[in-house]
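When the letters of the sequence shown are read in order and numbered with the numbering used here, they come out as residues 3 to 353.
Note that CB positions come from ideal geometry on N, CA and C, so glycine has one too.
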Amino acid sequence: MKILITGGAGFIGCNVVKHFAQQGHEVFVIDNLSRQTALINIDWMRENVLFNFVSLDITDREGLESYFKERSFDAVIHLAAQVAVTTSVQDPRHDFYVNALGTFNVLECVRLFTPQAVFINASTNKVYGKIDEQHLVEDEWRYYSSDLLYKGVSEEQPLEFFSPYGCSKGTADQYTMDYARIYGLKTVTVRQSCIYGPHQFGVEDQGWIAWFIIAHLQKKPITIYGNGKQVRDVLYVSDLVNFYELVIKHAEKVKGLAFNMGGGRDNALSLLQFFDVLKNIAGEKITYSFDDWRPGDQLVFLSDNTRAETLLGFKPQVSSNQGIAKIFEWLKKYYQVDGAHSSVAARGVLS
């Protein structure tokens, strides 16, 4: 197949590129290389896999259309995005241009120039906004739902775009689904929750597992917002990539659908539990302090993967303990205590 990956030099992108290139597919990458870490990732990809690269911004409509006019694809995996809620609050116009208009530009190019392609949009659990938390209970480690049968948030949960980021990603999410209804395209939107793994250079606003590990390796102060009992389900990036492959293989069956995609209840953990796991992996105590809650922080978010399991047979294969050990070893090789890669304190924002 010919597979295009937008944002292919990002964390998820380079893992997707590696997966499909190693299977022998012809892989094309678009990325504007706006992040320093994208340059690191693309250098790594050039050393390890074959792919075709063009530096291009998805907000550049004319450049994007010229690119698509010359090529035809079997699949387009759309990962290019502005990824931080805080950045969206500081600069909502840029956030809109990238996430809403940029996705629209890519969708239009698929519709006009390669309509047979499967289109996968990387969406976010932030499209659900605040989740009802009235049935939560807590123990010394974490919050729980008092409903023991609770599987998490399903795709039936009403959408609530609670921030500029939620609005822009939600707009892209809904356009993706509508292009299947109106134009018959094979489009799928994937509402992702806490993806982590190698090539993730976590920062304060995104990628909290990598962010805290980097801070520990760099001996930087670690601050938790809130009490540390807030819970997220975490999904190792190889499981996400495998899910993308299932979507492509069964596109006719799932076109027009949204899928929630996270680690599910079996891979859910609080910040306190994460640091306990990390302590055992690192073989040393993890030091952290606490600060006030961040506005709008969800106490618990679990992704109900029932639709993905029922329609595509998907189940995460990498447990949270296994995945945290894997990313720790990868980051340990990359970061050194006296290195230059991490220069600021780590503060905990779950996304």
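Residue i versus the options, residue with shortest Cα-Cα distance
i    : options                : result
K251 : S170, R267, V120       : V120
T105 : V236, V18, K188, A82   : A82
A124 : A260, L314, G315       : A260
S90  : Q275, L150, K128       : K128
P117 : S240, W332, F70, A40   : F70
P160 : H27, G131, K171, T88   : G131
Q324 : T289, I283, T312       : I283
G264 : A40, D149, S156        : S156
L150 : V192, D268, R193       : D268
E311 : F303, K287, N244, L138 : N244
A174 : C196, V256, I122       : I122
F411 : G315, Y336, A102, R296 : With the chain covering 3 to 353 only, the question about residue 411 has no answer from this structure.
N34  : F22, H27, G15, T178    : G15
L314 : T178, E247, Y146       : E247
K231 : A40, G266, N54, F276   : F276
D258 : I326, P223, D180, T289 : It is worth fixing the name first, because residue 258 is Gly in this sequence and not Asp. Nearest option by C-alpha distance: D180.
R309 : Y177, V249, E28        : V249
G12  : I215, L41, R193, V233  : L41
H201 : V192, E28, K328        : K328
Q262 : S68, H21, F316, D97    : The residue asked about is misnamed: residue 262 is Asn in this sequence, not Gln. That would be F316, whose Cα lies nearest to the Cα of N262.
L103 : R48, T191, G172, T39   : G172
R296 : D207, E67, E28, E158   : D207
Cβ separation of residue i and residue j, assumed to be a contact under 8 angstroms, to the nearest whole Å
i    : j    : result
V100 : T126 : Rounded, the Cβ-Cβ distance is 13 angstroms, inconsistent with contact.
R63  : S272 : Not a contact, Cβ separation roughly 43 angstroms.
G199 : Y152 : G199 to Y152, Cβ: 27 angstroms. No contact.
S305 : D241 : Rounded, the Cβ-Cβ distance is 12 angstroms, inconsistent with contact.
D278 : Y227 : Going by Cβ atoms, the distance from D278 to Y227 rounds to 18 angstroms, so no, they are not a contact pair.
R254 : K188 : A small fix is needed here, since residue 254 is Glu in this sequence, not Arg. Sure, about 7 angstroms apart at Cβ, within 8 angstroms.
A23  : F53  : 6 angstroms
I5   : I79  : 7 angstroms
Buried versus exposed call for residue i [16 or more other C-beta atoms within 10 Å across all chains shown]
i    : result
G10  : buried
R95  : exposed
K221 : exposed
F292 : exposed
P166 : buried
R183 : exposed
G350 : Because G350 sits at a pLDDT of 41, beneath the cut-off of 50, its placement in the model cannot be relied upon, and the following sentence gives the value as read from the coordinates. Classification of G350: buried, given that the 10 Å Cβ count is 16 or more.
S195 : buried
V56  : exposed
D45  : exposed
Q84  : buried
T289 : exposed
P223 : exposed
Backbone CA spacing between residue i and residue j [nearest angstrom]
i    : j    : result
L280 : N307 : 26 angstroms
S74  : C111 : 10 angstroms
Y185 : F115 : 13 angstroms
D294 : L274 : 16 angstroms
A342 : A217 : For A342, the predicted structure reports a pLDDT of 45, less than 50, and the residue's modelled location is therefore unreliable. A value from the coordinates is still provided. If I take the Cα positions, the gap works out to 12 angstroms.
F30  : I7   : 6 angstroms
V19  : L301 : 34 angstroms
V108 : N43  : 23 angstroms
V51  : L138 : 46 angstroms
W332 : L219 : 12 angstroms
D93  : L58  : 21 angstroms
I197 : M3   : 25 angstroms
R113 : S148 : 46 angstroms
R37  : A212 : 17 angstroms
A86  : S170 : 11 angstroms
F330 : G285 : 12 angstroms
W210 : Q25  : 30 angstroms
Check: residue i C-beta below 8 angstroms from any heavy atom of the ligand FAD
i   : result
N54 : Ligands are entirely absent from the displayed structure, and the ligand FAD is therefore not among its contents.
**Request:** Entirely within the segment 34-96 and at least 4 residues each: give me those alpha helix (DSSP H) ranges in chain order.
**Result:** 38-50, 63-71, 87-92
**Message:** Extract the residue ranges of the beta strand (DSSP E) inside the segment 182-234, only unbroken runs of 3 or more that lie entirely within it.
**Reply:** 188-194, 224-227
**Item:** Contained alpha helix (DSSP H) runs [length at least 4] in the segment 279-330, N- to C-terminal order
**Value:** 308-314
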